[in-house]
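Report on the structure given below.
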Amino acid sequence: MSSTSVNIQYSLYYYDSCPFCVRVLRTLNTIDIDVECRDILSDSRHRSDLHKATGRTTVPCLRIENGSESQWMFESMDIIRFLQTQ
188 MSSTSVNIQY SLYYYDSCPF CVRVLRTLNT IDIDVECRDI LSDSRHRSDL
238 HKATGRTTVP CLRIENGSES QWMFESMDII RFLQTQ
């Protein structure tokens, strides 16, 4: 049986003054995973992308891109648990 390696990319939608975002950002500093951080207040394109894809602008939100599919995860503790298992 052969396995195919899939390039999974992670993007965190956040803003600095959100305490739940800070919790996720602190976790990112302790693990070795490449996550692109997208501040929705400093770049309106990130906020727009988040809203178009999910209908929400709630942060933190982790976008998990697996090939042509994207999954969006909103709850800070869910995001932290997920990232710690990767």
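If you read the sequence shown in our numbering, its first letter stands for residue 188, the second for the next number, and so on. The C-beta atom is built at its ideal place from N, Cα and C for all residues, glycine as well.
For R210, three-class secondary structure by DSSP = Note: R210 maps to helix in three-state DSSP.
DSSP on S231, reduced to helix/strand/coil?
-> Taken through DSSP and simplified to helix, strand or coil, S231 comes out as helix.
Helix, strand or coil: how does DSSP classify D203 here?
-> The answer is coil: DSSP assigns D203 none of H, G, I, E or B.
With distances taken between CB atoms, is the gap from L237 to V222 smaller than 7 angstroms?
-> No, the pair does not count as a contact, with Cβ atoms beyond the cut-off.
Residue of T241, F269, Y202, L212 minimising C-alpha distance to S229 | It is Y202.
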